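There are 2 protein chains.
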Amino acid sequence: MKNMARPLFDVFLDIADAAAAASLPHFRTVLSVSNKLAEGFDPVTEADTATERAIRALIESEFPEDGILGEEFGMVRADAPYRWVIDPIDGTRAFISGLPVWGTLVGRLDRGKAVAGMMAQPFTGEVFIADGTRAERIWRGVSAPLKASGCKRLSEAKLFTTSPHLFQGELRKRFDALETQVRLFRYGTDCYAFAMVAAGFADLVIDPGLKPYDIVGLIPLIEQAGGVVATLAGGPPEEGGDIIAAATPELLNAAMAVMKG
Amino acid sequence: MKNMARPLFDVFLDIADAAAAASLPHFRTVLSVSNKLAEGFDPVTEADTATERAIRALIESEFPEDGILGEEFGMVRADAPYRWVIDPIDGTRAFISGLPVWGTLVGRLDRGKAVAGMMAQPFTGEVFIADGTRAERIWRGVSAPLKASGCKRLSEAKLFTTSPHLFQGELRKRFDALETQVRLFRYGTDCYAFAMVAAGFADLVIDPGLKPYDIVGLIPLIEQAGGVVATLAGGPPEEGGDIIAAATPELLNAAMAVMKG
Chain A
1452 MKNMARPLFD
1462 VFLDIADAAA
1472 AASLPHFRTV
1482 LSVSNKLAEG
1492 FDPVTEADTA
1502 TERAIRALIE
1512 SEFPEDGILG
1522 EEFGMVRADA
1532 PYRWVIDPID
1542 GTRAFISGLP
1552 VWGTLVGRLD
1562 RGKAVAGMMA
1572 QPFTGEVFIA
1582 DGTRAERIWR
1592 GVSAPLKASG
1602 CKRLSEAKLF
1612 TTSPHLFQGE
1622 LRKRFDALET
1632 QVRLFRYGTD
1642 CYAFAMVAAG
1652 FADLVIDPGL
1662 KPYDIVGLIP
1672 LIEQAGGVVA
1682 TLAGGPPEEG
1692 GDIIAAATPE
1702 LLNAAMAVMK
1712 G
Chain B
1452 MKNMARPLFD
1462 VFLDIADAAA
1472 AASLPHFRTV
1482 LSVSNKLAEG
1492 FDPVTEADTA
1502 TERAIRALIE
1512 SEFPEDGILG
1522 EEFGMVRADA
1532 PYRWVIDPID
1542 GTRAFISGLP
1552 VWGTLVGRLD
1562 RGKAVAGMMA
1572 QPFTGEVFIA
1582 DGTRAERIWR
1592 GVSAPLKASG
1602 CKRLSEAKLF
1612 TTSPHLFQGE
1622 LRKRFDALET
1632 QVRLFRYGTD
1642 CYAFAMVAAG
1652 FADLVIDPGL
1662 KPYDIVGLIP
1672 LIEQAGGVVA
1682 TLAGGPPEEG
1692 GDIIAAATPE
1702 LLNAAMAVMK
1712 G
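Take a look at the structure:
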């Protein structure tokens, strides 16, 4: 088989290149934005569709038997043992606001478990890859290992979330309480925060209401860097939900205790 | 005089290079962080001091008669008609968290009015410069003019702030009200949000309690791109305070009306 000849790491590098070529020409331009949700603001850009098409074409070529789920174009071969999950532009609000904290997320599931993943940020030129063998970030041609911080205590933790407004009711109160117990908290990060946990610069991320494509590509980065990813409800994070990622199991448990009341 | 021979734009490019050389080796490394404020978290890094030293040396060489105010090393020649204002690393929380939305800010005052300024983000490799003649952003060797969006209505505006927690009491209530009237709001941006107003990707930024060095370098970028910068209290933004920047005077007035109740 064609894919047996190439390391998965190299395939992810190709995916990052293809995604950058499709997305970057649309970044920092005036975009035609349509709203997917009548009640909210959920921009879909030409970049989203062009990028997902480019990634799907590459995966179809390399792994024709694998399933593919993408944010824009849905699922093919849902029963395949290996399935790819694509978010072409995670952080579309950042994207349309010119901020370089959006990313292209691609993950590979082996019977439902995320075993390999990638985040690429083409404006900074950085790529994060974990393929089951190597977990690295690459920028300007230099690689560094992905390694979570080892932080175990809330009082020493840097906590990130996309926006506190995404927490509803009791969950918001608990998140507010969590903020008072950490060293530093920060908003507005989307996928970038998870990559920073994998790289060891952030310690804890909680983002409620994520879809599978928001998180599958990131799980291998964090887990293969020594961190942990879970859901507040206890289910597998590959299925999305209220996601919590931490540098260590101890930190995860401490944050869980606050978030579950 | 030496400085008469060189366009100010080129001096800013040199400053950006010197700042990148001083700051970037400290980014994405484990930093020695000391706390300036006993009660809060205000990291001072080696990057801060090294970067300000590099910028001061360059300004002293090019403009020996000008005054200089920097976040780390205070003021020299406070009575000079031209004074430079330096924030070596604006967004130190972003810096220590690995996020590429911090920046080096340098502005030049002419008798108290900000007439030229620069923001540089060396990890993305982007520089924003406005020298009174040219207002441009430069990335990977390509220049684009700085041009504010022209947005006049709150309902169409993208609003940014660093964190809603920075608004106290009545101001927080008014900011919360403002959020409900805009198209999109976003947190966690520091100086980057102001640069995005200058570049036309964001429309409105409100950040309370800024120091002069947090804003002086940014005012020329926004004003020379067609935008406006003011304080909620009505004083000159060069002196810091509760800063509001907008793509147009109309948008500024609409936001002011909400924030002043």
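Taken in sequence, the protein lines are chains A and B. Numbering-wise (the numbering used here), the first sequence opens with residue 1452 and increments by one. Numbering-wise (the numbering used here), the second sequence opens with residue 1452 and increments by one. We put the CB at the ideal spot given by N, CA and C, even for glycine. Predicted, not measured: the structure shown is a model, and the values here were computed from it.
Residue i in three-state terms, based on DSSP
| i | result |
| --- | --- |
| Gly1620/A | helix |
| Leu1597/B | coil |
| Pro1573/B | coil |
| Thr1682/B | strand |
| Asp1517/A | coil |
| Pro1659/B | strand |
| Asp1493/A | At Asp1493/A the pLDDT is 40, less than 50, meaning the model places this residue with poor confidence and gives no usable figure here. |
| Phe1645/B | helix |
| Thr1612/A | strand |
| Thr1640/B | coil |
| Ala1698/B | coil |
| Asp1530/B | coil |
| Glu1587/B | strand |
| Asp1468/A | helix |
| Asn1704/B | helix |
| Thr1555/A | strand |
| Val1667/B | coil |
| Pro1539/A | strand |
| Ser1483/B | Residue placement at Ser1483/B is flagged as unreliable, the pLDDT there being 36, under the threshold of 50; the coordinate-derived value follows with that caveat. Here Ser1483/B sits in coil by DSSP. |
| Asp1627/A | helix |
Buried or exposed by the 16-neighbour rule on C-beta atoms within 10 Å, applied to residue i
| i | result |
| --- | --- |
| Met1569/A | buried |
| Val1593/A | exposed |
| His1616/B | exposed |
| Ala1676/B | buried |
| Pro1700/A | exposed |
| Gln1619/B | exposed |
| Gly1525/A | exposed |
| Glu1621/A | exposed |
| Thr1631/B | exposed |
| Asp1530/A | exposed |
| Ala1473/A | buried |
| Gly1595/B | The question names Gly, but residue 1595/B is Ala in the sequence shown. Per the 10 Å Cβ criterion, exposed. |
| Gly1563/B | exposed |
| Arg1457/A | exposed |
| Ala1698/B | buried |
| Ala1708/B | exposed |
Proximity to residue i [Cα-Cα], best of the options
| i | options | result |
| --- | --- | --- |
| Gly1639/A | Asp1530/A, Phe1524/A and Pro1551/A | Pro1551/A |
| Ala1650/A | Ser1474/A, Trp1590/A and Ala1469/A | Trp1590/A |
| Arg1623/B | Ala1501/B, Lys1598/B, Gly1712/B and Ala1473/B | Gly1712/B |
| Asp1461/A | Asp1530/A, Ala1586/A, Asp1658/A and Arg1479/A | Ala1586/A |
| Ala1628/B | Pro1573/B, Tyr1643/B and Leu1610/B | Leu1610/B |
| Ala1505/A | Asp1517/A, Gly1518/A, Ala1599/A and Asp1468/A | Asp1468/A |
| Lys1598/A | Arg1559/A, Arg1625/A, Ile1657/A and Ile1580/A | Ile1580/A |
| Ala1508/A | Ala1529/A, Ala1470/A and Asp1530/A | Ala1470/A |
| Pro1532/A | Ser1474/A, Arg1625/A and Ala1565/A | Ala1565/A |
| Pro1688/A | Met1710/A, Pro1659/A and Val1709/A | Pro1659/A |
| Leu1702/A | Pro1573/A, Leu1459/A and Ser1600/A | Ser1600/A |
| Leu1475/A | Val1709/A, Phe1574/A and Arg1637/A | Phe1574/A |
| Gly1576/A | Arg1528/A, Leu1464/A and Phe1636/A | Leu1464/A |
| Thr1543/A | Arg1637/B, Ala1708/B and Phe1645/B | Arg1637/B |
| Asp1541/A | Glu1674/A, Ala1646/A, Ala1708/A and Met1707/A | Ala1646/A |
| Tyr1643/B | Phe1546/B, Arg1559/B and Val1527/B | Phe1546/B |
| Thr1555/B | Asp1641/B, Val1680/B and Val1679/B | Asp1641/B |
| Leu1459/A | Arg1528/A, Arg1559/A, Gly1518/A and Ala1501/A | Arg1559/A |
| Glu1674/B | Trp1553/B, Val1648/B and Val1527/B | Val1648/B |
| Arg1588/B | Lys1603/B, Gly1518/B, Arg1528/B and Phe1652/B | Phe1652/B |
| Cys1602/A | Val1679/A, Val1527/A, Trp1553/A and Arg1528/A | Val1679/A |
CB of residue i within 7 Å of CB of residue j, strictly
| i | j | result |
| --- | --- | --- |
| Leu1655/B | Ala1608/B | yes |
| Glu1497/A | Gly1521/A | no |
| Val1557/B | Ile1694/B | no |
| Arg1479/B | Gly1583/B | no |
| Leu1605/B | Ala1705/B | yes |
| Lys1662/A | Gly1691/A | yes |
| Gly1567/A | Val1578/A | Note that residue 1567/A corresponds to Ala in the displayed sequence, not to Gly. No, they are not a contact pair. |
| Thr1612/A | Ile1657/A | yes |
| Glu1523/A | Asp1561/A | no |
| Met1710/B | Arg1625/B | yes |
The ligand ZN heavy atom lying under 6 Å from the CB of residue i
| i | result |
| --- | --- |
| Arg1504/A | In terms of ligand content, the structure shown is empty, and the ligand ZN therefore cannot be addressed. |
Handout entry: the segment 1664-1677 of chain B in contact with the segment 1527-1546 of chain B per 3-pair CB rule at 8 Å
Key = yes
Practice task
Indicate whether the contact test is met: 3 or more Cβ pairs, each with one atom in the segment 1510-1520 of chain B and one in the segment 1674-1692 of chain A, closer than 8 Å.
Solution key: no
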